[in-house]
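Data block below; observations after.
There are 2 protein chains.
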Amino acid sequence: MKHVTIKDVARELQCSVSTISRAFNDKYDIRKETRDLILAKAKEMGYSPNPMAKSLLKQCSNQIGVVVPEFINSFFPEVIIGIQEVFIKKGYQVLIMQSNESFESELENVKAMENNMVDGLILSLSFDTQNVEYYENLIKQGFPIVLFNRVSNKLNTHKVVFDDYKWAFFATEHLIYQGYKKIVHFTTSHSLSFSQNRIKGFVDALKKHKLKILEGSIVEAGLLISDGEREMEKLIAANNLPDAIFCVNDMCAIGAMKMLKKYGYKIPGDVALVGFTETKLAELIDPPLTSVAQPTHEIGRTAAQLLLEQIESKGIFVPQTVTLNGRLNVRESSMKHTKIL
Amino acid sequence: MKHVTIKDVARELQCSVSTISRAFNDKYDIRKETRDLILAKAKEMGYSPNPMAKSLLKQCSNQIGVVVPEFINSFFPEVIIGIQEVFIKKGYQVLIMQSNESFESELENVKAMENNMVDGLILSLSFDTQNVEYYENLIKQGFPIVLFNRVSNKLNTHKVVFDDYKWAFFATEHLIYQGYKKIVHFTTSHSLSFSQNRIKGFVDALKKHKLKILEGSIVEAGLLISDGEREMEKLIAANNLPDAIFCVNDMCAIGAMKMLKKYGYKIPGDVALVGFTETKLAELIDPPLTSVAQPTHEIGRTAAQLLLEQIESKGIFVPQTVTLNGRLNVRESSMKHTKIL
DNA sequence: TTTATTTTCGGAAACGTTTCCGAAAAGCAA
DNA sequence: TTGCTTTTCGGAAACGTTTCCGAAAATAAA
Chain H
2 MKHVTIKDVA RELQCSVSTI SRAFNDKYDI RKETRDLILA KAKEMGYSPN
52 PMAKSLLKQC SNQIGVVVPE FINSFFPEVI IGIQEVFIKK GYQVLIMQSN
102 ESFESELENV KAMENNMVDG LILSLSFDTQ NVEYYENLIK QGFPIVLFNR
152 VSNKLNTHKV VFDDYKWAFF ATEHLIYQGY KKIVHFTTSH SLSFSQNRIK
202 GFVDALKKHK LKILEGSIVE AGLLISDGER EMEKLIAANN LPDAIFCVND
252 MCAIGAMKML KKYGYKIPGD VALVGFTETK LAELIDPPLT SVAQPTHEIG
302 RTAAQLLLEQ IESKGIFVPQ TVTLNGRLNV RESSMKHTKI L
Chain C
2 MKHVTIKDVA RELQCSVSTI SRAFNDKYDI RKETRDLILA KAKEMGYSPN
52 PMAKSLLKQC SNQIGVVVPE FINSFFPEVI IGIQEVFIKK GYQVLIMQSN
102 ESFESELENV KAMENNMVDG LILSLSFDTQ NVEYYENLIK QGFPIVLFNR
152 VSNKLNTHKV VFDDYKWAFF ATEHLIYQGY KKIVHFTTSH SLSFSQNRIK
202 GFVDALKKHK LKILEGSIVE AGLLISDGER EMEKLIAANN LPDAIFCVND
252 MCAIGAMKML KKYGYKIPGD VALVGFTETK LAELIDPPLT SVAQPTHEIG
302 RTAAQLLLEQ IESKGIFVPQ TVTLNGRLNV RESSMKHTKI L
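Protein chains in written order, with the working numbering: chain H, 2 to 342; chain C, 2 to 342.
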């Protein structure tokens, strides 16, 4: 792998390297004919400027880093596609790493990125990230970081978020409008900001419609299928079935669904279900699951745009929080029903 | 973001930059005390060697590139996790790009990687990649490329593949052992090597068990849910239902399943189904789908290992093709049944 | 024609490293 | 002490660019 360098082209054309550089960078002080000649010859020789040398000189790498908690659900990959859309066009490379929901791994990734001199970072915090001190320092030093979805209010930087409160409210209200009265919320660890917001939305929707919030109305399940299964089985065993369940995410809802089906209950006939953060699964399972879809591509594009602006402005910046709209995709699992007596 | 450089440390310590470099690179010609002193001071000052400068000098970037056709199914993300496992440990960065099943996009990505001077490439070809000339040239020039899953036999390089023939054979034989006689295969474009192999496995299994291969035994469906739906609907309309269908992938099988359910047919009672390249969906849908699982992490690790060896050996290398084993996960969709008369 | 201005280009420094070469210092044997 | 080897370090070149500075050439103005 011998690469053609600017010097090779210069030698071939009997001119100086600076002229070649000018031709490639479209400077004003070069004659059109020489530029065309150089570009043609360069193409013939297979020359293209070495990005590493450029980076070293310009003191920026034209790379941005993306660190996400996981790769397995389609949510983050879709966000990344949005991010790439923006950056590829601008000639940036996108480095992607996944922290596997571990704080240490996340920090390691971020440090690796920093070490690699990425020009900016797009980050979604892992579940067990409590200590954001390191990121706080980076931001204070002026290192561009944009957070999305899993954010921390301790960090004063650009953020792209989803209005969990609002959409949890809508999702719950949808169940109420369908005629369900005894509605339960399967949530996850209260320490996560998004779960707090979804709980709040759920509670406020019930309040608005004067429905009682009982002791068992909010169940700390979790984000996995097994969590939904476990809690659902408990309810079944206690013979304490609600009319409907609003779940913290699709996985949890699917777990509940599996368990209900296993015991022969009908959905939505006996229990209606609503998920959140729509995955591809939602419309494939039986019955199709009502869920709140997030605009994944747009989240990615927006985060990328914010980061790009911050990188290019290089000056003072005012941290901005962009809240994107979602969409409640109503499917069979939460349809209105008339109970067969 | 002002970075501390080796010169800053040298000035602070009143020594030369070469000494600092020696300390960091653990050279033999430095006194232990000076080294410790330097390392301590460097740490205090927050210095770490600039990887770009190093890359420029060493003529390699310590980055490897991964180009995959898509991100949406869990298959490729899981492979990537395996790749990362290997490379992160070795101090390599992993650049990931997705070609969106488009040849042009794939080529662009590869060129971007090359431009960025990645030390090697792990590649899975997109569907409409027919012309592998460019990659052929790269390989001839000695650029390390490892292909996986979607490979081309025109390219003479390391490959990690899955024995599609064998597992298609097993999957078909499984259906036969369950008592199904009239078995159909939903395949995709014959031009893809893996589909050819799966067809061959299917056919040979039928032959071995002396089952007839009819005109309609092999249907060119496609890889999407809609493809499975479309072809299934045709069969239903023609009133020409088989006992069982072996599908080229899970998506196609799920499409078929949806259509069967829509028309009130039972699975596996009326038609049994088997998928391929197991996705997470397989065990979540109703009924759970029998499918051939590929060892995604292992595929990634193996490809990474091969690439690493080639990069580090830097010499002549003998292209190697590693075939990994899969696993048939039998679930309800293909269980034995006794037809209710 | 002479002078001033503009256009076009070459030379060299700089980015932050590593490594080769050589030299000073230190150790050792004679 | 002298001469030789070994240890330890500094200087400088090199990696492939971009850009500043200045100079030559071309053009315009006088």
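Where a beta carbon is used, it is the ideal one built from N, C-alpha and C, also for glycine.
Hey, residue i and residue j: beta-carbon distance below 8 Å or not?
{"i": "MET53 of chain C", "j": "SER56 of chain H", "result": "yes"}
{"i": "GLY121 of chain H", "j": "GLN295 of chain H", "result": "no"}
{"i": "ARG151 of chain H", "j": "LEU176 of chain H", "result": "no"}
{"i": "PHE72 of chain C", "j": "LEU329 of chain C", "result": "no"}
{"i": "THR291 of chain C", "j": "SER334 of chain C", "result": "yes"}
{"i": "PHE76 of chain C", "j": "THR280 of chain C", "result": "yes"}
{"i": "THR297 of chain H", "j": "VAL87 of chain H", "result": "no"}
{"i": "THR173 of chain H", "j": "LEU215 of chain H", "result": "no"}
{"i": "LEU282 of chain H", "j": "ILE255 of chain H", "result": "yes"}
Pick out whichever of the options has its Cα sitting closest to the Cα of residue i.
{"i": "ILE69 of chain C", "options": "C:GLU45, C:ASN51, C:LEU96", "result": "It is Val, not Ile, that sits at residue 69 of chain C in the sequence shown. Cα-wise, what sits closest to VAL69 of chain C is C:LEU96."}
{"i": "GLY202 of chain C", "options": "C:VAL249, C:ILE255, C:LYS337, C:VAL111", "result": "C:VAL249"}
{"i": "LYS209 of chain C", "options": "C:ILE219, C:TYR178, C:GLY47, C:CYS16", "result": "C:TYR178"}
{"i": "ALA304 of chain H", "options": "H:GLU284, H:LEU325, H:PRO289", "result": "H:LEU325"}
{"i": "ALA222 of chain H", "options": "H:HIS186, H:ASP205, H:ASN240", "result": "H:HIS186"}
{"i": "ILE268 of chain C", "options": "C:PHE277, C:MET336, C:LYS91", "result": "C:MET336"}
{"i": "GLY301 of chain H", "options": "H:GLN85, H:ASN157, H:ASP9, H:GLU115", "result": "H:GLN85"}
{"i": "ALA43 of chain H", "options": "H:LYS59, H:SER17, H:SER19, H:VAL5", "result": "H:VAL5"}
{"i": "THR278 of chain H", "options": "H:PRO243, H:PHE318, H:TRP168, H:GLU107", "result": "H:TRP168"}
{"i": "GLY143 of chain H", "options": "H:SER153, H:CYS253, H:THR158", "result": "H:THR158"}
{"i": "PRO243 of chain H", "options": "H:SER218, H:ALA254, H:ASN116, H:GLY256", "result": "H:SER218"}
{"i": "LEU58 of chain C", "options": "C:ILE89, C:MET118, C:GLU45", "result": "C:MET118"}
{"i": "TYR166 of chain C", "options": "C:HIS191, C:ASP205, C:GLN131, C:SER192", "result": "C:ASP205"}
{"i": "MET46 of chain H", "options": "H:GLU115, H:PRO320, H:VAL10, H:ASN198", "result": "H:VAL10"}
In whole angstroms, what separates the C-alpha of residue i from that of residue j?
{"i": "GLY83 of chain C", "j": "GLU299 of chain C", "result": "6 Å"}
{"i": "GLN306 of chain C", "j": "VAL331 of chain H", "result": "46 Å"}
{"i": "ILE341 of chain C", "j": "LEU308 of chain C", "result": "Confidence at ILE341 of chain C is low in this model, with a pLDDT of 46, below 50, so its placement is unreliable and no value can be given for it."}
{"i": "LEU14 of chain H", "j": "ASN51 of chain H", "result": "19 Å"}
{"i": "VAL275 of chain H", "j": "ASP129 of chain C", "result": "39 Å"}
{"i": "PHE195 of chain H", "j": "LEU124 of chain C", "result": "37 Å"}
{"i": "ARG266 of chain C", "j": "VAL272 of chain C", "result": "According to the sequence as given, residue 266 of chain C is Tyr; it is not Arg. Their Cα atoms are separated by approximately 8 Å."}
{"i": "ILE184 of chain H", "j": "ILE146 of chain H", "result": "39 Å"}
{"i": "ASP286 of chain C", "j": "TYR181 of chain C", "result": "Going by the sequence as given, residue 286 of chain C is Ile instead of Asp. Answer to the nearest angstrom: the Cα atoms are 22 Å apart."}
{"i": "GLU313 of chain C", "j": "ILE237 of chain H", "result": "59 Å"}
{"i": "THR188 of chain C", "j": "GLU232 of chain C", "result": "10 Å"}
{"i": "VAL293 of chain C", "j": "ILE246 of chain C", "result": "14 Å"}
{"i": "LYS155 of chain C", "j": "ASP27 of chain H", "result": "40 Å"}
{"i": "GLU109 of chain H", "j": "VAL133 of chain H", "result": "13 Å"}
{"i": "ARG32 of chain C", "j": "TYR136 of chain H", "result": "37 Å"}
{"i": "SER62 of chain H", "j": "GLU234 of chain H", "result": "53 Å"}
{"i": "LYS262 of chain C", "j": "GLU230 of chain C", "result": "11 Å"}
{"i": "ASN74 of chain H", "j": "ALA41 of chain C", "result": "43 Å"}
{"i": "ALA24 of chain C", "j": "GLN60 of chain C", "result": "22 Å"}
{"i": "MET252 of chain H", "j": "ASN240 of chain H", "result": "23 Å"}
{"i": "LYS141 of chain H", "j": "GLY92 of chain C", "result": "28 Å"}
{"i": "TYR29 of chain C", "j": "GLN321 of chain C", "result": "38 Å"}
Tell me where the alpha helix (DSSP H) around residue i begins and ends.
{"i": "HIS175 of chain C", "result": "165-178"}
{"i": "GLN60 of chain H", "result": "Run containing GLN60 of chain H: none; DSSP gives neither H nor E here."}
{"i": "GLU45 of chain C", "result": "33-46"}
{"i": "GLU105 of chain C", "result": "104-116"}
Could you please give the first and the last residue of the uninterrupted beta strand (DSSP E) stretch that includes residue i?
{"i": "ASN240 of chain C", "result": "Looking at the DSSP string, ASN240 of chain C is not in any beta strand (DSSP E), and its letter there is neither H nor E."}
{"i": "VAL69 of chain C", "result": "64-69"}
{"i": "THR189 of chain H", "result": "No beta strand (DSSP E) contains THR189 of chain H, which DSSP labels as neither H nor E."}
{"i": "ILE324 of chain C", "result": "The residue asked about is misnamed: residue 324 of chain C is Thr in this sequence, not Ile. Per DSSP, THR324 of chain C belongs to the beta strand (DSSP E) from 322-325."}
{"i": "MET98 of chain C", "result": "94-99"}
{"i": "ILE123 of chain H", "result": "121-124"}
{"i": "ILE146 of chain C", "result": "146-149"}
{"i": "ARG328 of chain C", "result": "328-330"}
Are the region 58-73 of chain C and the region 29-39 of chain C touching by the rule of at least three beta carbon pairs closer than 8 Å?
Segments in contact, no.
Do the region 96-105 of chain C and the region 100-108 of chain H meet, that is, are 3 or more Cβ pairs less than 8 Å apart?
Segments in contact, no.
Pairing CB atoms from the region 217-226 of chain C with CB atoms from the region 149-167 of chain C, are three or more of them under 8 Å?
The answer is no - the region 149-167 of chain C does not touch the region 217-226 of chain C, with fewer than three Cβ pairs under 8 Å.
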